[in-house]
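If you count the sequence shown from 1, position 48 lands on 48 in full-length UniProt numbering, and the numbers rise without skipping.
Note sheet for the following structure.
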Amino acid sequence: MISSEAKILIVEDESIVAKDILHKLSDLGYDFVSIASTGNEALRKVYLDKPDLLLMDIMLSRGNYDGIETVQEILDKMDLPVIYLTAYADESTLLRSKPTRPYGYLLKPFQTKELQIAIEIALNKHGLDKKRKRERRNMSAILHGVKDLIKKSSEEAGV
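Given below as structure tokens:
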């Protein structure tokens, strides 16, 4: 997939920041970008729009969920790469985010080039991860089939 064709969902509760990110993405050639300002709105947009990447503000001040809780909810149902956006670099926030296996972590304010690099790496790594999972499933199916054939052959031979 050419990354500029990737669908990106920005989850940011500060509209000025969200619009700035949107403009940065537009300048980089990303055409399929939407914005959500709360965790609940993000959940709806993820299931309806099926984005390829999520740019998630960790500290959402509105709604029922913060960014990490929203990502946990999303990852329970679908495989989606996440890059966290935050002004907070404290240890406890970083530790809370780790179980969601983010593909990146950008500290605000960030430059357009930093955003581009994080997106490119996240999309590439996620694509490779999906390919590896498919290959493991295929290998498991093959091994299971071989095991069944050996068992059947043994039974037929009376072993």
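Cβ coordinates follow ideal geometry from the N, Cα and C atoms, glycine included.
Which of helix, strand or coil DSSP assigns to residue i
{"i": "GLY158", "result": "coil"}
{"i": "ASP66", "result": "coil"}
{"i": "SER26", "result": "helix"}
{"i": "SER92", "result": "helix"}
{"i": "TYR103", "result": "coil"}
{"i": "LYS50", "result": "coil"}
{"i": "SER37", "result": "coil"}
{"i": "LEU75", "result": "helix"}
{"i": "ILE142", "result": "helix"}
{"i": "ILE121", "result": "helix"}
{"i": "LYS108", "result": "coil"}
{"i": "ASP148", "result": "helix"}
{"i": "ASP57", "result": "strand"}
{"i": "LEU85", "result": "strand"}
{"i": "LEU9", "result": "strand"}
Residue of the options minimising C-alpha distance to residue i
{"i": "SER61", "options": "SER34, ASP13, TYR88, GLN72", "result": "ASP13"}
{"i": "TYR88", "options": "SER97, PRO81, LEU80, VAL82", "result": "SER97"}
{"i": "ASP66", "options": "THR86, LYS77, LEU80", "result": "THR86"}
Assumed close pair residue i, residue j - CB separation to whole angstroms, cut-off 8 angstroms
{"i": "PRO51", "j": "LYS7", "result": "4 angstroms"}
{"i": "VAL46", "j": "MET56", "result": "The Cβ separation is near 10 angstroms, so there is no contact."}
{"i": "LEU22", "j": "GLN116", "result": "Not really, about 14 angstroms apart at Cβ, beyond 8 angstroms."}
Proximal residues to residue i (C-beta, below 7 angstroms), its chain only, five neighbours per side dropped
{"i": "ASP63", "result": "The question names Asp, yet the displayed sequence has Gly at residue 63. THR38, GLY39, ASN40, listed in sequence order."}
{"i": "PRO99", "result": "none"}
{"i": "ARG101", "result": "none"}
{"i": "ALA118", "result": "ILE83, GLY104, LEU106"}
{"i": "ALA122", "result": "LEU53, PRO81, ILE83, TYR103, GLY104"}
{"i": "MET139", "result": "none"}
{"i": "TYR30", "result": "SER4, ALA6, ILE8"}
Own chain partners of residue i with C-beta closer than 8 angstroms, once the 5 adjacent residues on each side are dropped
{"i": "LEU94", "result": "TYR105"}
{"i": "LEU54", "result": "ILE8, LEU9, VAL11, ALA42, VAL46, VAL71, ILE74, LEU80, PRO81, VAL82, ILE83"}
{"i": "LYS125", "result": "PRO81, TYR103"}
Neighbourhood of residue i by C-beta, 6 angstroms cutoff - its chain only, sequence neighbours within 5 removed
{"i": "MET1", "result": "Bear in mind that the predicted position of MET1 carries a pLDDT of just 43, short of 50, making it unreliable; the figure below should be weighed with that in mind. There are no such residues."}
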